[in-house]
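Chains as they are written, first to last, in this note's numbering: chain A, 5 to 381; chain B, -9 to 164; chain C, 894 to 1086.
Even glycine gets a Cβ: it sits at the ideal position worked out from N, Cα and C.
Every value quoted in this text rests on a predicted model; they were computed, and no experiment measured them.
Structure record follows, encoded as structure tokens.
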Amino acid sequence: MTTELPPGLALQKVDERIMTLNVGPQHPGSGHMRIIVQIDGDYIVACDPDPGYVHRGEEKMAEYRNYITNIPHLERPVIHDSCNILYPYVLGVEELLGIEVPERAKYIRVIASELNRCIYTMYWLAIYGIFLGHSTMFMWPAGDRELLIDLMEKMSGARVTHAHFVPGGVRNDLPPNFEDVCLRQVNYFEKRIKEYAAIFYDNPILIARTEKTGILSRQDAIRLGTTGSVLRASGVDYDLRKKEPYDVYDELDFQTNVLKEGDSYARSKVPWLDMMESCRIIRNALEKMPKSGSVRVKLKPNPKGGDDSVYKRVESGRGSLGCYIVSDKKPEPYRVKLSVGSFRNLIALPYLLKGEKLGNMPSVYWSLNYWPVEADR
Amino acid sequence: MLKDLITPENANVFVGKLGDILEKAIDKPLGYAINWGRIWSLWPVHIETACCSVEFGAASSPRYDVERFGIIEAFGSLRQCDLIVVQGTITRKMAPRLRLVYDQMPEPKYVIAMGACAITGGLYFDSYNVLPGIDGVIPVDVYVPGCPPRPETLIQGCMLLQEKIKRMKARKFV
Amino acid sequence: MMSEEKESIETTEKQTPADKKPAATKEVDLPAFEKGIADKIVAKFGEKTKVAFVKPDRVRINVDKENVHAVAEFIRDELNFDHAESVSGVDYPQDKEIEVVYHLGSYTDASLARQVLVLATRAPREENPIPGNDGTKLPSLRDIFYSVEFFEREVFEMLGVYFNGHPDNRRLLLPEDWADLPPLRKDFAIKGR
């Protein structure tokens, strides 16, 4: 056994009353990060999130790979939402290289990214159930998301890491008979998620634990620059699929869900409501999709961008996801920066936890729709 | 006389010694039974290190249901656990924590390296912050390849570990 | 919306004098609303700002580090951009400069919902950096856009740009015992490449 702890592992003593607690990285209620909380009795005085346990240097690696070989590792931060995290990168590369995407590919992308949003949200919901000690809420979403994973597996060939989006379209066309299977599974899926209200969202214990905890007001949500469901739960109607429609979102029929309360309960409800809209989008897209046609524009090997920079953003499962690409006429990008929703929402955590009870920490923390691997990149 | 020897300060030492003696005595005749007990109650530590935790979660979901093989869903304190499933990339920040977790676990303990990153560094072989595999940090019993491994692969890895435990001496550490 | 043809007539940052905006070359193609935003900033600050490009939904302004605070304040108060979407640092060793790029967006103003204003500024770059104790310093925009707090901490550790006036210039993602160059600098080579 080592006697001297490495830096960062030692606990510091602040004062007689106040105690410092390390929550994570080995803790059922932390995920892949550490939250250093200072507590006075049962109340949190200060909180300092310490991410970076999965910092893998994606942005540095992207400078050593060309535009196409960047795809597999750039989707690894959120492997269960891999289509959405690739989306801004692919859109940006298309703008840099000046590629026009075929119509059918755009619809396939929208379907894939909505399926992925549901897969992500279901996993998030399952972990939220675990955080609150609600085991059924782990089992139900974890089981139901397999339905959609099957669809994505049919479409791309992999369970979670699809690498399905490429600059110029999608990697391959839909398998035969996909539309019917997709429609059937999605309809069943929608029926299932409506049942969650009975065991989870209308559950008096859940309501008692999450309502009026961690309230983020509208002004603060804007000031802190939060995004996605956190922002929409605080009463700001901002969804990039509506506000800056990419691909074919402007032709599809859906609405955004906005709640006013801004507490943990509202934040946990918005993604669930979004999933129903996703089902609606998928059905609508399946209807409007051209039945045949090309799905991919052939690129030259080692495509080079101009002397330019682009910033593209999409609405992922966790909110706005931006990708800033600087190119310098080489096959490799000069700089790739992912501005991810999780990282932007993390700033709200110290703010929300101040004055909160320690027991509410897991519910407030996970209601921020936070995925640590993505925040660390 | 025994009463004088055992004080509250050294009681646990005596109990530990007694356990050692007992274990040595019953290793020959009862080793198989002890191992049998260990096989069907593997408790993984709840330590997530990277994105493979998604598939680890999927493995305990209703479709794959790893519990039917005696590997219980990751929960509870690490003092009660005997298995680490290293779920993916170990970064330089995580490595000392992983070792700390391993050191705090009681014997016997087993390690499954899940995913290409935990085995060799995988996709992140040239990243500045990723260790090239966890062998340098903790000893590994079973390697489960894949990026990420499918839940079936993870289950097979767990079954291989059970096979391995079956053939181990019950008293693994002297 | 995506089918809108590309109307970018960007020139590189150095060749564009501030008074000769890219609009002067091809006025018909420029999106009017975005040009209005750029014009407002140029009308207020004149020589101090350079409009690098005006694309659909994207306007890029290059500012010196002395003026970045004033320009950002003007952008927040007069142009209603209220949060930072992203802050990224880009290293340019050949210019001996590090560029910090703020992508600003707006939630409150519905007409600006599509827009991203790109505010870029440059800090001098040292060959042998001592992060926090050398000349690579910029004024922090944290008092203007609260949302840049974690982003600026990230830029500090990844590129060694110290932000004056930032309340919490600590390390965020890298290990506590990191003693190498800031990893996103171009002269930090990763092994085997």
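Just checking my contact of residue 389 of chain A with residue 196 of chain A at CB under 8 Å: how many whole Å lie between their CB atoms?
-> No answer is possible for residue 389 of chain A: it lies beyond the span of chain A, which begins at 5 and ends at 381.
Give the residues of chain B in contact with residue 862 of chain C, contact being defined as C-beta atoms less than 8 Å apart.
-> The requested residue 862 of chain C is not part of the displayed model; chain C covers only 894 to 1086.
State the Cα-Cα distance for the pair residue 378 of chain A and residue 1064 of chain C, rounded to the nearest angstrom.
-> 18 Å
Could you list the residues in the region 79 to 111 of chain B with a C-beta less than 8 Å from some C-beta on chain C, going in chain order?
-> 81, 82 and 83
Nearest-angstrom Cα distance between residue 42 of chain A and residue 369 of chain A?
-> 15 Å
Over what stretch of residues does the beta strand (DSSP E) that includes residue 311 of chain A continue unbroken?
-> 311 to 320
Count the CB pairs spanning the region 244 to 262 of chain A and the region 341 to 349 of chain A that are closer than 8 Å, and state whether there are at least three.
-> no
Any chain C beta carbon closer than 8 Å to residue 64 of chain A = yes
N- and C-terminal bounds of the alpha helix (DSSP H) containing residue 195 of chain A | 182 to 200
Alpha carbon to alpha carbon, what distance is there between residue 151 of chain B and residue 979 of chain C?
-> 45 Å
Coil, strand or helix - residue 990 of chain C by DSSP = strand
Which first and last residues belong to the alpha helix (DSSP H) in which residue 87 of chain A is found?
-> 86 to 101
Coarse secondary structure for residue 73 of chain A, derived from DSSP in three states = coil
Do the region 283 to 297 of chain A and the region 109 to 116 of chain A meet, that is, are 3 or more Cβ pairs less than 8 Å apart?
-> yes
Beta-carbon proximity check, residue 269 of chain A vs residue 211 of chain A, cutoff 8 Å = yes
Kindly indicate which residue of A:154, A:373 and A:307 has the alpha-carbon position closest to the one of residue 101 of chain A.
-> A:307
Integer Cβ distance of residue 266 of chain A from residue 237 of chain A, believed to fall under 8 Å = 6 Å
Helix, strand or coil: how does DSSP classify residue 49 of chain B here?
-> helix
Chain B within 8 Å of residue 1022 of chain C, Cβ atoms only | no
Top-ranked residue by Cα proximity to residue 264 of chain A, from A:245, A:228 and A:223 | A:223
Answer yes or no: does any C-beta atom of chain A fall closer than 8 Å to that of residue 972 of chain C?
-> no
Would you please state the rounded distance, in angstroms, between the beta carbons of residue 355 of chain A and residue 228 of chain A? I believe it to be under 8 Å.
-> 7 Å
Any beta-carbon of chain B closer than 8 Å to the one on residue 1076 of chain C?
-> yes
Residues near residue 1039 of chain C by beta carbon distance below 6 Å, same chain, minus five either side | none
Quick one: list the residues of chain B neighbouring residue 35 of chain A, beta-carbon separation under 9 Å, in chain order.
-> 38 and 43
Hey, does residue 978 of chain C have any beta-carbon neighbour from chain A nearer than 8 Å?
-> yes
Who pairs with residue 34 of chain B in a beta bridge, going by DSSP?
-> B:73
Would you list, in chain order, the members of the region 44 to 63 of chain B that have their beta-carbon closer than 8 Å to a beta-carbon of chain A?
-> 44, 45, 47, 48, 50, 51, 52 and 53
Sub-8 Å separation of residue 66 of chain A and residue 340 of chain A beta-carbons | yes
Please name the residue or residues paired with residue 1016 of chain C in a DSSP beta bridge.
-> C:991
Identify the contact partners of residue 1006 of chain C in chain A, using a Cβ-Cβ distance below 8 Å as the criterion.
-> 242, 247 and 248
Is it a yes or a no for the region 945 to 952 of chain C touching the region 971 to 991 of chain C, going by three-plus beta-carbon pairs under 8 Å?
-> no
Buried or exposed for residue 259 of chain A, please, with buried defined as at least 16 other CB atoms from any protein chain shown within 10 angstroms of its CB.
-> exposed
When you compare only the Cα positions, how much space is there between residue 930 of chain C and residue 961 of chain C?
-> 17 Å
Applying the criterion that 16 or more other CB atoms from any shown protein chain within 10 Å of the CB defines a buried residue, is residue 157 of chain B buried or exposed?
-> exposed
If we count the other Cβ atoms within 10 Å of its Cβ and call it buried at 16 or more, is residue -7 of chain B buried or exposed?
-> exposed
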